[in-house]
Amino acid sequence: MSKRILITGGAGFIGSHLSEKLLAEGNEVICVDNFFTGSKSNIEHLFGHPRFEVLRHDVTFPLYVEVDQIYNLACPASPVHYQHDPVQTTKTSVVGAINMLGLAKRLRIPILQASTSEVYGDPAVHPQTEEYWGNVNPIGPRSCYDEGKRAAETLFFDYRRQHDLSIKVIRIFNTYGPRMHPNDGRVVSNFIVQALRGEPITIYGDGSQTRSFCYVDDLVDGMVRLMATPHDVTGPINVGNPGEFTMLELAQAVLGITGSSSTIEHRPLPQDDPKQRQPDISRARSELGWEPTVALAAGLQSTVDYFRRVLAV
Ligand code: NAD
Ligand code: UDP
Numbered sequence: 155m156s157k158r159i160l161i162t163g164g165a166g167f168i169g170s171h172l173s174e175k176l177l178a179e180g181n182e183v184i185c186v187d188n189f190f191t192g193s194k195s196n197i198e199h200l201f202g203h204p205r206f207e208v209l210r211h212d213v214t215f216p217l218y219v220e221v222d223q224i225y226n227l228a229c230p231a232s233p234v235h236y237q238h239d240p241v242q243t244t245k246t247s248v249v250g251a252i253n254m255l256g257l258a259k260r261l262r263i264p265i266l267q268a269s270t271s272e273v274y275g276d277p278a279v280h281p282q283t284e285e286y287w288g289n290v291n292p293i294g295p296r297s298c299y300d301e302g303k304r305a306a307e308t309l310f311f312d313y314r315r316q317h318d319l320s321i322k323v324i325r326i327f328n329t330y331g332p333r334m335h336p337n338d339g340r341v342v343s344n345f346i347v348q349a350l351r352g353e354p355i356t357i358y359g360d361g362s363q364t365r366s367f368c369y370v371d372d373l374v375d376g377m378v379r380l381m382a383t384p385h386d387v388t389g390p391i392n393v394g395n396p397g398e399f400t401m402l403e404l405a406q407a408v409l410g411i412t413g414s415s416s417t418i419e420h421r422p423l424p425q426d427d428p429k430q431r432q433p434d435i436s437r438a439r440s441e442l443g444w445e446p447t448v449a450l451a452a453g454l455q456s457t458v459d460y461f462r463r464v465l466a467v
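Residue numbers (this note's numbering): 155 to 467.
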């Protein structure tokens, strides 16, 4: 049945893909965004859609709308963006969660939180299962994001315990695909943009640190599946692609796909940069019947095609 669905951060990279998917399934989508890192160009192809609506709004202020479900994605995701105004980042996660949980409580509707693998910090357990409590520096440059997201998870589970709210917490691992911001400093967009422009590929540290990259279509499929689960399924649930690569391997893959002759340059490793990351997705497999379907080479190819179009190179 068609639902009216609120997506905060709906003009961002992931939010725009989620908006498309939920519209394609016949729902009404209300996209709420303050356009800090999101952009109208991410959603302009949806502007004429009769079931799509956009509200410019900052989630740190209360919001009054009538909806059937909430996906709470509002929060800058790349280190460059979330460290630009760290106080606002924590406020967005914490006050934004309180406002959206309050809305969900008033309406008695399910709410999904876009949490993150960053709640595991620089993990001492590998691969990361949902039971692992993490290894997070509370006072470093990444803390505004990591601790903000951890506090948001606490709020979600307290609203569940205190008010029996239907909560869904998804821990998203590094996701990539078309509509990533070309200048947001994340590794996949950086490497592709650098390769296409023939500029040096910047590897931070020696490039032996690992990440596991999930294609955005797979991720939004996992989000929608989690939202569709019964009341007793709350998460947290890891959603990511267990294929784990070093940053050197990623650079080689991008060079291969673009056919670029860019050189590789090493830069200092940022403080608190996690050394390794790979999701254990047993829970997503059993509770959502979900697993990723897009291999890195195929996902990188469509991301490269997208950046070729927007950069016109
Ligand atoms: P993004 O920066 O492209 O999107 C975030 C969106 O939130 C933007 O449109 C931005 O304008 C909006 N926003 C920020 N602050 C806001 C505020 N105060 N009020 C209203 N809107 C606000 O990032 P993304 O990659 O699409 O990430 C979406 C969500 O997924 C975030 O919550 C992020 O933490 C989470 N996540 C992303 C990844 C990833 O790899 N991309 C990994 C883990 C978690
Ligand atoms: N990184 C890199 N070169 C870049 C950008 C990032 O080597 O131009 C590294 C970064 O140090 C980290 C990894 O790539 O080890 C992933 O960085 P990203 O910011 O994409 O995600 P996160 O660290 O938040 O997982």
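Glycine residues also receive a C-beta, built at the ideal position from the N, C-alpha and C atoms.
- As DSSP reads the structure, GLY275 sits in a beta bridge with ASN289.
- Here the alpha carbon of ARG351 sits roughly 29 Å from the alpha carbon of ARG296.
- LEU160 sits in a strand when the DSSP states are folded into three classes.
- Short note on ARG158: C-beta not closer than 8 Å to any heavy atom of the ligand UDP.
- Within the segment 200-248, the complete beta strand (DSSP E) segments of 3 residues or longer fall at 206-210 and 223-226, listed in chain order.
- Bounds of the alpha helix (DSSP H) holding ILE346 are 341-351.
- In this structure PHE190 is buried. Its beta-carbon is surrounded by 16 or more other beta-carbon atoms within 10 angstroms.
- Annotation for GLU419: the continuous beta strand (DSSP E) segment containing it runs 418-421.
- Going by beta carbons, ALA268 and LEU227 fall inside the 9 Å limit.
- By the Cβ criterion, the segment 378-392 is in contact with the segment 321-329, since at least three pairs of Cβ atoms, one from each stretch, lie closer than 8 Å.
- At the C-beta level, LEU266 and MET377 come within 9 Å of one another.
- Around the Cβ of THR162, a 10 Å sphere holds 16 or more other Cβ atoms; the residue is buried.
- Between the segment 295-311 and the segment 236-254, the count of Cβ pairs shorter than 8 Å is three or higher; the stretches touch.
- Taking the C-beta atoms as reference points, HIS211 is found nearer than 9 Å to ASN188.
- Assignment of ASP300 by DSSP, reduced to helix, strand and coil, places it in the helix class.
- Non-local beta-carbon contacts of PRO264 in its own chain, meaning distances under 6 Å to residues more than five positions away in sequence, involve GLN223 and SER320 in chain order.
- Separation of ARG333 and PHE167 (C-alpha to C-alpha, rounded to the nearest whole angstrom) is 5 Å.
- GLU198 and ASP338 have their C-alpha atoms some 20 Å from each other.
- In the DSSP assignment, ALA268 is bridged to ILE324.
- For GLU284, no alpha helix (DSSP H) encloses it, and the DSSP letter there is neither H nor E.
- When the alpha-carbon of ASN344 is set against those of LEU404, PRO396 and ALA306, the nearest one is in LEU404.
- Residue burial annotation: PHE461 is buried, with at least 16 other C-beta atoms found within 10 angstroms of its C-beta.
- Non-local beta-carbon contacts of GLY192 in its own chain, meaning distances under 6 Å to residues more than five positions away in sequence, involve ALA165 and GLY166 in chain order.
- Remark: the shortest separation between the CB of SER232 and any heavy atom of the ligand UDP falls under 8 Å.
- Three or more pairs of CB atoms, one per stretch, sit closer than 8 Å, so the segment 442-461 contacts the segment 369-385.
- Rounded to whole angstroms, THR388 and LEU373 show a C-alpha spacing of 17 Å.
- DSSP, reduced to helix, strand and coil, places ASP187 within a strand of the structure shown.
- Taken through DSSP and simplified to helix, strand or coil, ARG431 comes out as coil.
- With a cut-off of 8 Å, the C-beta of LYS303 is classified as near the ligand NAD, since at least one heavy atom of the ligand falls inside that distance.
- Here PHE461 carries a helix assignment [DSSP, helix/strand/coil].
- Per DSSP, the unbroken alpha helix (DSSP H) holding VAL408 starts and ends at 401-412.
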